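Student: Structure provided below as structure tokens; questions to follow.
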């Protein structure tokens with residue numbers, strides 16, 4: 001029944017609100033600049049006093065639309081108002097390519113930024129973050145709202161200020177890593193983020209779906225021996241598929257057979273390689289080496305660049321510089337490609353994007369393709385997808401798929417189709433799923449003398465230019481997946497890009513007047529932000545160049561003049577190119593618009609839809625067709641048997657193809673199965689991470705309290721009191737035999753000699769209750785006397801440092817333990833147990849034990865810290881740890897190898913002086929083995 005569809009209901013509601021906004025348009029147009037600014041300030045005041053944003057929405061949207069028109073020359077269409085309303089309501093606005101999502105976001109951003117709590121706008125790369133922030137800043141600044149951008153390696157002070165702005169642009173990884181870094185600082189004033197209020201995620205499907213399987217990890221080097229990876233690689237090269245191991249491409253897993261195990265043991269002369277726990281590291285590396293050789297392909301999954309392995313994003317085709325595969329896989333690939341093998345890392349802090357973005361009180365997103373993943377968005381993030389109608393009707397023709405028997409036939413057909421389009425002048429975009437395939441198509445086109453551009457992870461420097469000009473008459477562009485490119489393909493070419501190109505080539509004469517400015521950087525800045533006025537160009541350029549206010553005041557006027565002269569030349573070029581591109585637009589439209597040629601169906605329908613969406617923007621004509629073969633991974637691994645059977649019945653010969661809408665639907669059904677499989681994987685990842693997330697929140701909450709507590713000395717006293725009370729309860733249980741001797745020993749170990757004397761004279765729980773208060777007060781008194789020997793600020797710094805350092809080191813060790821637990825927990829399924837439930841149970845016990853150890857370690861460290869007074873001119877005191885005390889498990893390198901003292905006592909280890917050899921350190925005898933596997937075996 002009409003109206004029952006949630007999307008229809010949402011659009012009907014937003015349609016009424018659009019009418020309210022339009023009713024205010026005439027009044028807004030009649031206002032002067034000063035009146036608009038004043039009203040903006042008034043609305044900001046109302047919002048910060050607690051006014052309902054929903055009631056302010058019509059006027060704020062009408063105001064923002066008018067300000068946008070006056071500042072950057074763009075006026076929101078009605079469908080863009082609807083998109084802004086969906087974002088404000090915390091939904092995902094699905095809008096086709098070219099519908100102006102960047103402008104749409106300003107409406108919801110302005111409305112929510114009025115409250116002053118901070119709005120985060122997340123983009124897929126740093127270029128888009130800077131571009132969008134600079135482009136839209138005039139709207140925000142006009143309304144009295146500040147804008148900040150976060151980017152890699154920016155100074156801490158600037159990062160802090162960027163988060164204090166009303167609106168902050170940045171990438172998902174920068175926001176996530178800042179959250180993790182904030183929970184590793186030692187002082188509250190080193191934290192940069194504010195509470196997570198409202199966030200809009202651009203290309204939301206790419207960030208919250210595609211990247212959700214890869215957690216954000218801050219890591220440090222571990223002490224693993226990298227030579228083992230080279231040794232494992234040598235063994236893996238000798239193993240043969242079928243005989244020595246089985247490969248499952250669907251699950252991307254490797255299983256070594258009995259014959260393979262024997263072959264590995266013979267090659268390394270290590271009997272029991274896969275059964276002896278002492279050799280588990282090497283056995284694991286052999287399996288990873290096999291994965292590297294058999295499941296990961298060069299120029300598909302990764303590239304070798306400047307002697308390093310760089311991962312290629314399977315969804316966007318971009319290089320993921322700085323990312324590394326975990327669990328030793330990256331090192332295995334490095335050994336495979338014979339480049340320098342890096343050390344395996346140890347996790348210091350980690351969070352999944354799923355759990356990071358769920359921290360926001362209100363989350364919204366926008367993309368061109370979200371409907372196919374609507375169920376996942378709803379289940380994981382509580383986000384409803386609202387499909388926004390296009391401003392102009394969509395007239396692109398999507399043709400049925402064409403299926404060939406072999407890849408050779410398929411690629412020849414692709415090349416023939418492209419050549420034919422090129423001859424008649426129709427622009428073509430060829431979409432491929434890997435670098436390898438893009439270069440294969442390129443070779444075929446070169447053989448046919450078809451001029452073309454290649455855009456993949458190897459040739460990405462001129463990405464924006466190549467994409468922008470892909471709509472020229474006769475243009476042929478071969479590209480890997482077009483997700484999140486951030487640039488529209490305009491039929492007839494993009495006049496702005498052409499004008500910028502000519503500007504850089506001609507460099508009009510400008511009077512630099514001995515300003516000392518770097519001409520190259522001035523031109524580059526103008527080309528990046530040519531849509532800004534000269535005043536904003538000059539101010540933003542000086543800010544980016546980090547010119548201080550005093551110096552900037554002297555040259556800002558001159559710089560405005562320079563930018564004005566450059567802009568004058570640019571505008572002249574733009575007029576000429578706009579006329580030429582309009583004329584060519586009509587010609588290309590008459591030829592059928594941009595033709596999309598897909599060389600393979602991706603596992604995700606969204607990626608195919610993104611490729612298709614590059615054609616048919618803003619009512620332009622266009623077409624799309626996918627060429628497939630039975631050898632394609634999707635059909636080979638997941639394709640329906642009906643396709644194979646149908647092709648066989650038809651008795652296809654070489655070069656013949658099938659074109660059928662029914663086949664296209666069957667293939668989409670196969671894609672749906674794969675999407676469900678990946679959804680299950682992400683749900684499984686989230687289920688496991690939710691366990692970790694609860695623990696992370698508990699630790700980070702505790703950490704935040706320590707950082708911000710004004711009376712941290714009292715906090716430390718509470719910890720000491722709690723530890724003492726816990727020891728008494730442990731050794732004097734309600735039921736069972738009391739153990740006063742061990743209780744006394746534990747008190748002495750933690751709080752010093754004489755602290756457990758009263759406890760030693762008690763032999764029952766009833767007797768303990770008579771002296772309990774006295775014992776606890778005596779411990780607190782010892783703590784207070786310790787603190788009284790220090791100046792208040794030193795005592796506060798000491799306690800805070802001990803609390804944070806102990807908690808951080810314990811959390812670091814806990815993450816390592818959780819990694820090990822996660823790696824092996826799947827084996828519980830053999831015993832008919834649910835691995836997830838077992839993981840929850842085991843991890844809870846690990847966490848409880850860790851927190852108990854942390855409290856005791858804090859108490860012990862506080863009572864053992866020595867104060868050394870330094871005689872000097874200032875006669876200041878300094879605090880240090882005495883050299884004869886090293887808390888087991890919390891060494892200066894972040895983690896020692898000795899286990900922490902277990903609750904309940906246990907034999908105390910003697911203090912070792914001098915250099916201590918870690919169990920995982922190389923053995924000093926020179927054997928090349930770890931100490932625990934050589935001279936330290938059995939210790």
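Numbering (full-length UniProt numbering), first residue to last: 1 to 939.
Backbone N, C-alpha and C define an ideal beta-carbon position, used for all residues, glycine too.
Small disclaimer: the values here were computed from a predicted structure and weren't measured.
(1) Under DSSP, the beta strand (DSSP E) around residue 735 begins and ends at which residues?
(2) Taking contact to mean 3 or more Cβ pairs, one atom from each stretch, closer than 8 Å, check whether the segment 769-779 and the segment 838-853 are in contact.
(3) Residue 182 lies in the alpha helix (DSSP H); which residues open and close that run?
(4) Rank 239, 135, 472 by C-alpha distance to the C-alpha of residue 489 and give the top, closest one.
(5) For the structure I just gave you, are there three or more beta carbon pairs, one from the segment 140-154 and one from the segment 168-175, closer than 8 Å?
(6) Check for me: the alpha helix (DSSP H) holding residue 480 runs from which residue to which?
(7) Could you check the C-alpha separation between residue 568 and residue 510 for me, to the nearest Å?
(8) Here's a check: name, in chain order, each residue in its chain whose Cβ is nearer than 7 Å to the Cβ of residue 220, leaving out the five neighbours to either side.
(9) Measuring alpha carbon to alpha carbon, tell me which of 322, 538, 591 ends up nearest residue 565.
(10) Just reading off the alpha helix (DSSP H) that residue 120 is part of, what are its end residues?
(11) Since residue 176 contacts residue 351 with CB under 8 Å, what's their CB separation in whole angstroms?
(12) Please give me, in chain order, every unbroken run of the beta strand (DSSP E) with length at least 3 that falls completely inside the segment 305-352.
(13) When you compare only the Cα positions, how much space is there between residue 690 and residue 355?
(14) So residue 254 and residue 230 are supposed to be a Cβ contact under 8 Å. How far apart are they, rounded?
(15) Evaluate residue 153 with the Cβ neighbour count: other Cβ atoms within 10 Å of its Cβ, from every protein chain shown; 16 or more gives buried, anything less gives exposed.
(16) How many angstroms separate the CA atom of residue 213 from the CA atom of residue 327?
(17) Where does residue 83 sit, in a helix, a strand or coil, going by DSSP?
(18) Going by DSSP in three states, residue 168 sits in which element: helix, strand or coil?
(19) With a CB to CB cut of under 6 Å and the five nearest residues on each side skipped, what residues in its chain are close to residue 291?
(20) DSSP three-state call for residue 596: helix, strand or coil?
(21) In or out: residue 611 buried (at least 16 other Cβ within 10 Å) or exposed?
(22) Given a cut-off of 9 Å, decide if residue 435 and residue 299 are closer than it, judged by their beta-carbon atoms.
(23) Quickly, what does DSSP pair residue 387 with across the bridge? List them, please.
(24) Can at least three beta-carbon pairs, one atom from the segment 741-759 and one from the segment 824-833, be found at a separation below 8 Å?
(25) Return the CA-CA distance between residue 465 and residue 508, expressed in angstroms with no decimal places.
(26) Can you tell me whether residue 603 is buried or exposed? The criterion is at least 16 other CB atoms within 10 Å of its CB, across all chains shown.
(27) Less than 9 Å between the beta carbons of residue 71 and residue 139, yes or no?
(28) Excluding the 5 residues preceding and the 5 following residue 362 in the sequence, name in chain order all residues of the same chain whose CB lies nearer than 6 Å to its CB.
(29) Indicate the three-state DSSP secondary structure (helix, strand or coil) for residue 808 in the structure shown.
(30) Going by C-alpha to C-alpha distance, which of 678, 173, 722 sits closest to residue 776?
(31) For residue 441, count neighbouring Cβ atoms within 10 angstroms of its own Cβ and tell me buried if that reaches 16, exposed if not.
(32) Taking the straight line between their C-alpha atoms, what separation do you get for residue 683 and residue 371?
(33) The beta strand (DSSP E) with residue 453 in it runs from where to where?
(34) Counting Cβ pairs closer than 8 Å, one from the segment 54-64 and one from the segment 92-101, do we hit at least three?
(35) Taking the runs of the beta strand (DSSP E) that are 3 residues or longer, which of them lie wholly in the segment 585-631?
(36) Going by DSSP, name the residue or residues bridged to residue 963.
Tutor: Well, looking at it:
(1) Looking at the DSSP string, residue 735 is not in any beta strand (DSSP E), and its letter there is neither H nor E.
(2) When Cβ pairs closer than 8 Å are counted between the two stretches, the segment 769-779 is seen not to touch the segment 838-853, the count staying below three.
(3) 172-182 is the span of the alpha helix (DSSP H), which, as asked, contains residue 182.
(4) 472
(5) yes
(6) Looking at the DSSP string, residue 480 is not in any alpha helix (DSSP H); the run it does join, the beta strand (DSSP E), is 476-480.
(7) 11 Å
(8) Listed in chain order, the non-local C-beta contacts of residue 220 below 7 Å within the same chain comprise 345, 346, 348, 894, local neighbours out to five positions each way being set aside.
(9) 538
(10) That residue, residue 120, is in no alpha helix (DSSP H); its beta strand (DSSP E) goes 119-123.
(11) By a beta-carbon distance limit of 8 Å, residue 176 contacts residue 351. Their separation comes to about 6 Å.
(12) 308-312, 345-351
(13) 8 Å
(14) 19 Å between Cβ atoms; not a contact.
(15) Classification of residue 153: exposed, given that the 10 Å Cβ count is below 16.
(16) 14 Å
(17) helix
(18) Correct three-state label for residue 168: strand.
(19) Counting only Cβ-Cβ distances below 6 Å, and skipping sequence neighbours, we find 254.
(20) DSSP places residue 596 within a strand segment (E or B) once states are collapsed to three.
(21) buried
(22) yes
(23) 94
(24) no
(25) 21 Å
(26) buried
(27) yes
(28) 90, 198
(29) helix
(30) 722
(31) Buried.
(32) 18 Å
(33) 453-455
(34) no
(35) 594-598, 622-629
(36) Nothing in the structure corresponds to residue 963, since the chain is present only between 1 and 939.
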